[in-house]
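Have a look at the structure below before the remarks.
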Amino acid sequence: ALIFSDYLEVYFYNDSSQLQSTLMADYASIDEDKKIMLAQNNVILINNDNKKLETDELVWDENKNKIYTDKKVKITTGKEVVYGEGFTSTPDFNQYSITKIHGTFDFATQTH
């Protein structure tokens with residue numbers, strides 16, 4: 666396994682070589698045979714829409730073209746913050762699902 670124990674950034678591109686999302690983590694291990702990366706510690710995924718995922722652990726399965734975790738997640742979009750546990754998405758982070766949603770904070774309902 667390849668170990669990155671300092672800091673790591675992974676860039677995900679589409680078929681047209683356009684950057685879709687960026688994954689950052691303080692630690693990662695990569696199983697080159699299985700094509701699976703485990704990112705841990707301050708894991709952040711940001712896509713082109715400035716949607717942001719924050720979690721302690723994230724797995725990227727290159728063969729299945731998906732990223733997932735069973736840990737707690739915080740997702741910030743332009744309109745809301747969603748807290749949950751368990752997350753699955755494609756690496757571009759455009760379509761995703763959260764297993765257990767714990768709460769949503771909607772910016773639009775804020776009063777000034």
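What the sequence shown shows, in the numbering used here, is residues 666 to 777, in sequence order.
Glycine included, C-beta positions come from ideal geometry on N, C-alpha and C.
Beta-bridge partners of residue i, as assigned by DSSP
i, result
"glutamine 705", "Tyr692 and Glu722"
"serine 762", "Thr753"
Residues near residue i by beta carbon distance below 8 Å, same chain, minus five either side
i, result
"histidine 777", "Because the pLDDT of histidine 777 is 49, which lies under 50, any placement of that residue in the model is unreliable, and the question is left without a value."
"tyrosine 672", "Met689, Ala690 and Asp691"
Cut-off 7 Å between Cβ atoms - residues of its own chain near residue i, not counting five sequence neighbours on either side
i, result
"glycine 768", "Tyr748"
"asparagine 759", "Asn712"
"threonine 755", "Asn730 and Lys731"
Contacts around residue i, its chain only, beta-carbon distance under 6 Å, and the 5 residues preceding and following it disregarded
i, result
"aspartate 771", "Glu745"
"tryptophan 725", "Met702 and Ile732"
"lysine 700", "Glu727 and Asn728"
"alanine 704", "Ala690, Ala693 and Leu723"
Residue i burial status per 10 Å Cβ neighbour count (16 or more: buried)
i, result
"tyrosine 676", "exposed"
"aspartate 698", "exposed"
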